[in-house]
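One structure is given below, encoded as structure tokens.
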Amino acid sequence: MSAKSSNNHERGDTINTVTTDEPLEESNGQVNATDIHLRESIDHLKEDNKELNTKYNKLKEFVSIAAHELRSPIMPILGTLELIEYEFEEADKKEITLKKEYFAQ
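Mapping of the sequence shown onto the numbering used here: residues 94 to 198, in sequence order.
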């Protein structure tokens with residue numbers, strides 16, 4: 094188990110420390126102190142990562158909604174264009190049939 098704490102140095106500086114119930118020892122058996130800046134940096138990175146994931150998910154949702162809203166007015170236009178194209182194809186077929194009949198006489 095470990096606990097974070099802040100201690101005031103006699104010069105007035107604040108020193109952040111971590112206390113564990115097991116001493117940290119060097120290979121020669123001497124007890125070592127630990128700087129917790131790395132752990133604090135990891136904690137800040139985790140918080141930032143969580144915030145970024147939240148913002149990313151909101152952005153994905155926005156893009157999905159925007160894409161749907163942009164497609165909605167385009168679909169009737171595409172349907173109308175397909176109908177016009179079909180009508181021109183039918184008109185061309187009738188014209189070809191009439192020309193065949195005319196020349197067949």
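Note that beta-carbon positions come from the ideal geometry of N, C-alpha and C, so glycine has one too.
All values reported here derive from a predicted model rather than from experimental measurement.
Contact test: residue i Cβ vs the ligand GTP heavy atom, cutoff 7 Å
i, result
"K151", "Of ligands this structure carries none, so the ligand GTP is not represented either."
Helix, strand or coil at residue i [DSSP, three-state]
i, result
"N121", "coil"
"I108", "strand"
"I167", "helix"
"I158", "helix"
"I129", "coil"
Residue i vs residue j beta-carbon contact at 8 Å
i, j, result
"I129", "N109", "yes"
Beta-carbon proximity list for residue i, same chain, < 7 Å, skipping 5 on both sides
i, result
"L191", "none"
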